[in-house]
Amino acid sequence: MMSIKEADLMKDPACSTGLSNYLLKDHPDESKWADCVHCGMCLESCPTYEITGMEQHSPRGRVHLIKSVAEGKLTVNEQFMDPVFACLDCRACTTACPADVEVGGLIEEARGQIRQAMPLTGLKGAVSKVFLQGLFPHQNRLNGLGSLLKFYQKSGMQKVVRKTKLINIMPQHLVDMEAIMPEVKEPVRKKYKDVNVIKAKGESKREVSFLTGCVMDVMFSDINEATINVLTRNGNDVTIPKNQTCCGALHVHAGDRETGRKLAKQNIEAFMDSDKIIVNAAGCGCALKEYPELFREDPEWHEKAEEFAAKIEDISKHLYDTGYDIPKAELKTRITYHDACHLAHGQGIRQEPRDLLINIPGVEMVQMPNSDRCCGSAGIYNITNPEMASAVLDNKMQNVPEDVEMISMGNPGCMLQMAMGVQKNGRNQKIVHTVQLLDWAYQKEDGKGER
Amino acid sequence: MAVKGIKSNDRHILNLANIVGDARSIIYHKEDLIAYDCDGFTLHKHLPKAVVFPKNTEEVAALVKYCAEHQLPFLARGAGTGLSGGAIPLNGEVIISLMRMKKLLSVDFENRRAVVQPGFVNLKLTNSISDKGYYYAPDPSSQYCCTIGGNVAENAGGAHCLKYGVTTNHILGLEVVLPNGDIVEIGANGIPDEPGYDLLGLLTGSEGTLGIVTKITVRILKNPEAKKTVLAYFDNVEDGSQAVSDIISAGIVPAALEMMDKTAIEGVEAAAFPVGHPKDIEAVLLIEVDGIADGLDEQINQILGVCRKRNVREVRAAKDEAERGRWWANRKTGFGAMGAISPDYLVQDGVIPRSRLPEVLSRINKISEESGLRIANIFHAGDGNLHPLVLFDARIPGQSEKALEAGSACLQVCADVGGTITGEHGVGIEKREEMRFVFTDEEIIAQTDIRSVFNPDNLLNAGKLFPMPGRCVEIKKEIKERSS
Amino acid sequence: MITAELFAELNSILPSERIIEEKNNHPLGNSGLVKVIPKTEEEIAAILQFANEHGKKVFVEGSGTKRGFGGLIESADILLSLSNYTGIVEHVVGDMTLTVKAGTKFKELQEYLAQYNQKISLDPFCPTSATMGGIVASNDSGPKRLGYGSSRDVVIGLRIVYPDGKVIRSGGRVVKNVAGYDMNKLFIGSMGTLGVISEVTVKLRPLPKYESLILLSFPEGQMDEIRRFATKLLDSTMEPVTLELLSPTLSEKLMGRNCNTVAIGLEDVETSVRYQEKFIQSIQPDHTELKILAGQDAQAFWNQFYSLTPISPTDSSTSTQTSLKIGVINMDVTTVIKESHLLSDTHNLKVEAHGGLGHGLCQINLKGAKEDIVSAIQQIRESVTKLGGYTVVKHLPFALRQEIDTWGQKPTHFFLLDGIKSKVDPKRVLNPKRFVGGI
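Protein chains in written order, with my numbering: chain B, 3 to 453; chain U, 203 to 686; chain V, 103 to 541.
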């Protein structure tokens with residue numbers, strides 16, 4: 003079997019020898035597939051395999067295709083692109099794999115290859131471009147749009163969005179949130195623009211930095227506000243470094259590793275002085291932890307990225323590990339919990355958020371079968387691959403217990419998608435972020451935020 | 203009428219697409235087909251002509267009929283987790299994938315049976331009936347993803363077949379599409395002993411060479427009242443294997459009696475589901491008894507007594523279901539876990555009379571020394587079903603060939619002591635030649651004669667199960683060329 | 103004249119004292135002009151080879167307990183008896199496997215194995231006379247099938263002499279084996295139509311450390327209550343090895359109580375059996391009577407039970423016996439037992455019936471006038487067919503087998519069965535017309 007030698011990876015792409023049909027730099031990493039023994043244990047974990055029943059849409063199949071390009075049996079072309087881009091990047095296969103094969107990393111690297119070899123065209127290309135290059139990296143543009151509705155109209159994506167019924171979801175979603183939470187009028191980055199440190203209420207125990215996220219801060223500023231409340235309530239001084247930017251997860255998922263690296267560098271520098279970086283979006287947290295992957299061929303930045311990655315912590319794990327006040331107010335609600343892929347599979351965080359939730363007095367947790375199954379959101383997957391995303395969502399919704407009031411989770415992308423699922427299926431659950439519930443309980447304890 | 207979205211000039215592709223009705227139920231581009239060039243056995247690969255995804259029995263029958271009429275070789279495939287290459291399209295077959303026929307059709311608790319489609323995943327059956335306290339007994343290690351259709355083809359076993367039997371002991375009825383496209387029902391209504399030759403028994407384990415199963419009636423069992431699971435650690439393999447023999451001889455029928463040796467322990471502990479086995483231990487036994495709770499202590503005590511007599515270092519009992527689950531996950535992902543300590547492995551599947559265990563293990567050890575390849579042993583010790591895992595690196599010239607030789611030598615040892623070459627993985631491509639270790643030419647012809655009754659043109663899954671003069675040498679040569 | 107020639111030719115294979123001329127036709131049919139009694143596998147092979155080459159037909163028997171089971175030819179050329187081909191070939195105590203020659207009697211084997219606290223986990227009828235080969239060839243099983251399975255679950259290897267004299271091994275001596283087709287299955291229950299089974303290898307089980315039998319008798323007309331009880335017991339975690347429903351007449355004969363009785367066998371360590379007894383007592387339905395037989399009493403009950411089947415040709419002009427094997431979906435056994443019981447009035451027959459509520463197999467023994475027997479079989483078969491089941495006539499005098507098809511209707515996949523027969527025995531030497539569809 004043909005192999006790629008380490009040395010080949012370092013060479014100028016034009017000089018690449020051997021059978022490999024990966025001609026450009028930033029190769030898929032051979033060591034990632036070498037562990038795959040084709041056992042198939044990943045198959046049932048994969049949402050796209052569940053729907054299609056097709057091997058090329060399974061983790062094992064995708065790894066096999068990626069390997070086949072390296073072995074010179076396939077070339078990077080349209081047909082190869084389809085299975086590689088149909089992956090939700092949910093990482094469920096990483097959990098299932100007995101040999102710890104990093105399928106997610108391989109997929110991202112392969113997408114990088116495809117992006118370099120074949121620029122995107124058509125609708126998918128347009129969507130990608132608007133979202134990834136025109137918008138997410140530019141906080142001011144996001145802020146400037148004021149509301150998503152406007153943004154959709156301006157970006158010319160209204161039609162796509164209408165088709166996916168997202169337009170109906172958004173206002174409803176915000177209404178729901180407003181019903182539970184104090185009103186939030188502006189993104190936290192704007193709100194705390196002139197505040198260096200948001201001081202803990204009561205005794206300061208430590209200082210943490212907060213990554214606000216790009217979309218998160220505009221669409222879900224309420225969640226960011228809740229996160230700050232919960233942090234300061236529990237002895238954390240919070241800083242919001244000014245130069246931070248989008249984490250780049252969506253760019254890397256889409257194969258735009260160059261932009262990914264640019265954003266990574268900016269964040270690494272922005273948080274240089276932080277000891278701990280709190281993230282409340284699972285997708286961002288996972289991407290930040292994986293920055294070193296982007297710099298495999300750049301030792302200097304690789305080291306910086308390693309240091310940076312070690313500082314990243316999900317809000318639920320941070321609270322769980324450092325301790326937090328168990329709220330005294332009773333919420334009296336039945337909820338269920340959805341494991342965001344990038345929290346459960348990506349970061350191995352499953353029990354911590356559940357603990358936060360069940361410790362709130364009056365919260366009754368109903369177990370959701372297959373709770374760590376992807377909901378189909380997967381970044382902008384629900385917009386680029388609406389059909390598959392919708393099928394994945396349908397499967398997900400079948401597992402949501404009927405008799406709960408709320409579905410809690412730790413990722414904004416999932417929240418949008420699940421809200422869509424609730425509406426599509428005529429259900430009536432409210433979608434909440436884990437910290438929102440906790441914050442709500444604190445508010446109630448303090449005599450505010452009665453429902 | 204042509205199906206929309208098919209970009210091919212091949213009339214067979216167009217016609218097959220017509221049968222399954224839409225462009226999403228057939229694949230024919232090389233980039234997609236390559237995902238089907240092998241199954242869980244990766245040492246031989248070949249591209250299929252196409253892969254089709256029928257939705258029901260009638261479509262399967264129509265596809266088969268088309269292939270038969272046009273003399274196109276074809277085969278059926280489930281999840282493709284087979285370890286002997288039974289689903290590899292050696293002859294550029296049309297693959298009939300049964301992954302869109304994956305429903306649980308009915309469950310009849312009163313009469314203890316369930317009807318499933320072939321693409322239904324093994325473990326899902328147990329998961330679907332466990333709330334009522336029932337389960338499906340055959341539990342191959344791949345049960346998280348392998349299909350019951352594939353289990354029927356391979357007559358799959360598993361850790362718990364020591365007490366509960368293998369797939370064939372749990373199949374009550376089959377709907378089968380014969381290689382000429384006829385649909386027949388065998389074991390009507392799932393009633394045992396249907397008059398006539400036992401075709402149910404013959405089809406189960408026929409490795410997809412006699413027909414394509416499209417509906418399966420299986421027996422379901424009530425969960426045992428209680429289970430007790432212990433780990434027993436031994437400082438030498440000899441003691442461990444003697445303990446296995448002693449437990450069986452003492453008249454105990456454990457639900458499972460599994461063993462792993464030092465190399466295997468290294469693998470599972472380095473992989474995704476470690477449980478903290480001591481690193482310096484030579485063998486671990488995973489022993490499970492089940493049944494009426496009141497009777498289990500007596501059995502466990504007897505087992506512990508046997509282990510002590512054989513110098514066990516330490517015994518641990520699972521404290522709860524979660525711990526028991528972790529132990530089993532550690533054991534059941536054992537093959538895949540080898541990826542963590544070796545780039546490639548070849549798993550063998552010999553069976554020996556239990557009493558010959560110590561002798562056979564030492565001979566396998568010798569094969570390992572002679573070949574210079576590490577061999578890990580994970581096995582169903584209670585059945586005498588060994589899984590020597592030959593660890594190798596296909597990138598090193600000559601190692602693939604050496605691994606095959608070592609694997610074959612292990613099987614020769616099994617045959618020599620009165621055993622057989624495969625206990626649950628099937629012959630497939632992998633062990634065709636080794637069939638000669640256990641059967642005479644006449645006995646092999648007796649079997650191919652039966653095949654010719656069902657599959658006269660040998661269009662269905664040809665080249666599997668039986669030795670073909672000269673073929674094995676070719677495969678070995680090919681591997682040698684590829685690895686150099 | 104023909105016989106003399108045959109005799110002479112066979113004499114080149116066997117000494118004359120083991121070639122016996124059969125003068126009278128047997129009322130159960132399945133006779134031979136000459137009976138040969140081989141002592142070695144080579145002799146069996148030579149006899150078959152001779153028959154195959156000379157167009158002779160061969161019937162095969164062990165000790166003749168299934169002589170009334172199928173067969174439309176009164177006499178073949180040769181009756182091959184395995185009654186002298188007996189003995190244990192290998193018993194590996196530690197491996198719990200046993201290989202025996204086909205003519206060995208079942209009871210003798212069990213007695214031998216008991217010394218080692220082992221047993222063959224089959225419970226065929228007529229165990230004192232029935233041979234291992236015959237049990238396997240006819241796939242006979244009893245109530246304990248619920249707990250231990252049947253021949254297809256127990257047999258791990260066979261040696262078969264093919265019609266042309268070749269010796270073919272199937273399976274092996276290990277308990278798990280998927281090398282090649284599972285050819286064992288082909289010969290189990292094939293009624294000797296494909297080959298002569300010369301050796302059988304079985305996996306053994308330990309003798310239970312303790313056993314008991316609960317006999318639970320229900321008042322008349324409570325079939326629904328029986329069904330409810332059985333469902334409840336099967337849905338519990340108890341592990342009965344039998345759950346056999348006995349008809350009132352059979353119950354009277356075995357335990358002196360004329361009502362439907364469920365025989366629940368328990369075999370395990372004593373604590374477990376006691377616990378299960380208590381559980382069953384706790385769910386005992388109202389108005390039922392419960393009796394527990396322990397240890398040897400339970401064994402004695404079963405010994406009597408297994409000897410009940412009609413094996414001797416006691417046919418007289420006034421009384422004919424038959425035995426039916428009926429397969430239905432488990433709980434439909436209640437319907438079969440109920441309907442069979444009615445036959446005693448409607449057809450003036452003596453009826454003894456029982457069926458396993460956990461596996462769906464019933465046996466009905468009938469005794470009475472010929473015409474009534476014939477009509478009763480037809481009636482039962484019709485109603486069983488409606489239930490989706492089958493009726494096989496395990497025992498019937500030769501003359502009546504011409505009127506009543508032993509096997510019932512051919513299955514739709516008969517061409518496969520016929521194809522297998524044609525491939526293995528193209529000259530139709532072995533047990534012609536003994537099996538389904540005249541195979």
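Ideal Cβ placement from N, Cα and C applies to all residues, glycine included. It should be emphasised that the depicted structure is a prediction, and the values quoted were computed from it without experimental measurement.
Residue i - containing alpha helix (DSSP H), residue span
| i | result |
| --- | --- |
| Pro-85/B | 80 to 88 |
| Cys-286/B | 284 to 291 |
| Ile-109/B | 105 to 119 |
| Gln-419/B | 414 to 426 |
| Gln-400/B | 388 to 400 |
DSSP three-state assignment for residue i, whether helix, strand or coil
| i | result |
| --- | --- |
| Phe-656/U | helix |
| Asn-503/U | helix |
| Ile-522/V | helix |
| Tyr-547/U | strand |
| Lys-75/B | coil |
| Ser-446/V | helix |
| Asn-361/B | coil |
| Lys-154/V | According to the sequence provided, residue 154/V is Asn. The question's Lys does not apply to it. Three-state DSSP puts Asn-154/V in a helix. |
| Phe-109/V | helix |
| Met-433/V | helix |
Selected residue, minimal CA-CA separation from residue i, among the options
| i | options | result |
| --- | --- | --- |
| His-479/U | Gly-527/U, Asn-532/U, Met-303/U and Gln-649/U | Asn-532/U |
| Gly-285/B | Arg-259/B, Glu-315/B and Pro-85/B | Glu-315/B |
| Phe-276/U | Asn-513/U, Ile-598/U, Gly-389/U and Ala-263/U | Ala-263/U |
| His-253/B | Gln-246/B, Pro-329/B and Leu-265/B | Leu-265/B |
| Gly-204/B | Val-402/B, Ala-331/B, Glu-309/B and Asn-238/B | Asn-238/B |
| Val-543/V | Gly-323/V, Glu-111/V and Ser-477/V | With chain V covering 103 to 541 only, the question about residue 543/V has no answer from this structure. |
| Lys-417/U | Val-378/U, Ile-215/U, Pro-256/U and Ser-286/U | Val-378/U |
| Val-217/B | Pro-414/B, Glu-366/B and Val-434/B | Pro-414/B |
| Gln-273/U | Lys-257/U, Ala-281/U and Gly-294/U | Gly-294/U |
| His-515/V | Glu-427/U, Ser-343/U, Val-386/U and Leu-292/U | Val-386/U |
| Thr-324/B | Ala-312/B, Gln-81/B, Glu-354/B and Asp-28/B | Glu-354/B |
| Glu-295/B | Asn-282/B, Phe-310/B and Val-281/B | Phe-310/B |
| Gln-345/U | Gln-58/B, Leu-45/B and Lys-207/B | Leu-45/B |
Cβ neighbours of residue i in the same chain (closer than 6 angstroms, five flanking residues each side left out)
| i | result |
| --- | --- |
| Ile-554/U | Val-562, Gly-586, Cys-616, Val-619 and Gly-621 |
| Ser-252/V | Ser-243 |
| Tyr-444/B | Arg-235 and Pro-329 |
Extent of the continuous beta strand (DSSP E) to which residue i belongs
| i | result |
| --- | --- |
| Val-518/B | Because residue 518/B is not part of the residues shown, which for chain B are 3 to 453, the question remains open. |
| Cys-249/B | Note, Cys-249/B: premise wrong, no beta strand (DSSP E); not H, not E. |
Own chain, CB closer than 7 angstroms to residue i, minus 5 neighbours either side, in chain order
| i | result |
| --- | --- |
| Ala-289/B | Cys-249, Gly-250, Ala-251 and Val-254 |
| Arg-556/U | Val-446, Ser-447, Ile-450 and Gly-586 |
| Ala-16/B | Residue placement at Ala-16/B cannot be trusted, given a pLDDT of 35 that sits under 50; the coordinates are not used to answer. |
| Gly-158/B | The predicted position of Gly-158/B is uncertain, since its pLDDT is 40 and thus under 50; a value taken from the coordinates is nonetheless stated next. Taken in chain order, the list of residues that qualify is empty. |
At which residue ranges does the segment 355 to 440 of chain U contain complete alpha helix (DSSP H) runs of 4 or more residues, listed in the order of the chain?
363 to 366 and 401 to 405
3 or more residues per run - each beta strand (DSSP E) lying fully within the segment 300 to 349 of chain U:
306 to 310 and 315 to 318
Entirely within the segment 465 to 532 of chain U and at least 4 residues each: give me those alpha helix (DSSP H) ranges in chain order.
Scanning the segment 465 to 532 of chain U for uninterrupted alpha helix (DSSP H) segments of 4 residues or longer gives 495 to 511, listed from N- to C-terminal end.
Which whole runs of the alpha helix (DSSP H) in the segment 310 to 371 of chain V are 4 residues long or more, in chain order?
325 to 336 and 350 to 357
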